[in-house]
Structure formats: C-alpha cells, structure tokens
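In my numbering, the protein residues as written are 42 to 264. Written below as structure tokens is the structure these notes are about.
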C-alpha cells in the first residue's frame, strides 16, 4: 500500500513540516529588530561623538594671583603715570579643534584703581574721571576669535564709562602647562585707547593725557 501524498514514509503529515513562508514570517522580523538595534547604536555613537566635539572647549578662570591689569598715561606730555586695577576677574574657553568657538571675557572694578597715590586715586574715582559709582565696571566680551601665529586675534565689545565699542586685540600666548594635574594657560596683550572715545569729560583730561595704554596679563586655571 502506497503512503498518502500528504504523509511521508514515517507517517508524518506535510502540515508538521514548517513552510518557507512560516520561517520567513517568524525569523525575518527578528533580523529586522537586530538591524534597527544596530542602527540605533550607530546613531547613538554618532551623537555621542558630536556631543564630545561640541564640548571640546576647555574652560578657565583667571588666577588672580598670577593675573594683572595695569595701565599708563602721559602726564603733561613729559612723563608717564603708572597704575593698575586691583579687582579683576575673568574667564575664557579654548577650543583647540575649532578656535572660532573660543571665548574671552574680562571684568574690572573701577573703584579698585591704584596709582600708588591715595589723593590721585580718590580723584580718579570722581565723576570727571571713572565715575565709579555710576560706572562700577569696565568689561570686555569677545564676539569673534581667530587663530594667528603665537596666539589669537580677538574682537569683542569693550565697555567703559557707559560706552561700548568694538575693539580688536592681539592675545599672545596660549601654551598649556599642567602642574599637579591642573591645566594652566596664559595670555598677554596691550590695548591703546583714547578716553575721549568713551565719553570722559574733555575738560578733565587736563594734565593726564587722553591716550592710555592698558596692559593685560592673565593666567587661567582649568575648571
């Protein structure tokens, strides 16, 4: 007697043998899941990489012990008056991969002016000079940064005596030094300004010349 066509020689029916369509329906979704999982991992990795690139900038605060803002101005056009500001603060961020994303800022307390002469310093705080009660700070905040040989060319908003002007300064330095596990970076610059450009009383310019040279030395400590 021949076996039925829907049975094999062992008596098993064809229905007991999984069809190709059944295998495809059962296992292809699993392959699809693995594919989606793999793509998810790849996207996550890319996002993580981009995030790390976005946060590539190192941030620094001024080390006030190793930073200073000083100035000099002509007296009667025959000599120089030297001074400094004793209360300064600032921070900067450096993106070595994309320097244009770097930032620099500085804040100077005007009532901390110090020319080693108490009477003169008191006069410099009055309304005809720095007017420290109405204008307690001098600030600089960068708006663009461009790398140059030996440092950076930084353009930013400089505000003094209630007037804001865009200025460009050349910051020299930027070399990194690590001590006791802490990164330090230093810069220096000189900025020539006219007080008359910042609405100082022309009548008060008098024996102290209109032009002033500001010297900034800053050493940053990584956060």
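In this text, a Cβ means the ideal position worked out from N, Cα and C, and glycines have one as well.
*Using alpha carbons as the reference points, say which of 108, 123, 115 lies closest to residue 149.*
108
*Could I get the ranges of all uninterrupted beta strand (DSSP E) runs contained in the region 103 to 167, with 3 residues as the minimum, in chain order?*
109 to 116, 120 to 126, 129 to 135, 144 to 150
*In or out: residue 204 buried (at least 16 other Cβ within 10 Å) or exposed?*
exposed
*Pick out whichever of 145, 127, 252 has its Cα sitting closest to the Cα of residue 185.*
145
*Option nearest residue 188 by Cα separation, candidates 155, 248, 141*: 141
*Just the Cα atoms here: how many angstroms apart are residue 171 and residue 103?*
24 angstroms
*Tell me, to the nearest whole angstrom, how far the beta carbon of residue 227 is from that of residue 259; I am working on the premise that it is less than 8 angstroms.*
7 angstroms
*asked:* From the DSSP secondary-structure annotation, give me the bridge partner or partners of residue 253.
replied: 114, 234
*Which residues in the same chain have their Cβ closer than 6 angstroms to the Cβ of residue 193, if we skip the five residues on either side of it in sequence?*
186, 212
*residue 120 classed as buried or exposed, judged by whether at least 16 other C-beta atoms fall within 10 angstroms*: exposed
*Give the single residue among 136, 174, 249, 179 whose Cα lies nearest to the Cα of residue 118.*
249
*Reducing DSSP to helix, strand and coil, say where residue 192 ends up.*
strand
*Looking at residue 125 and residue 143, is the spacing between their C-beta atoms short of 7 angstroms?*
no
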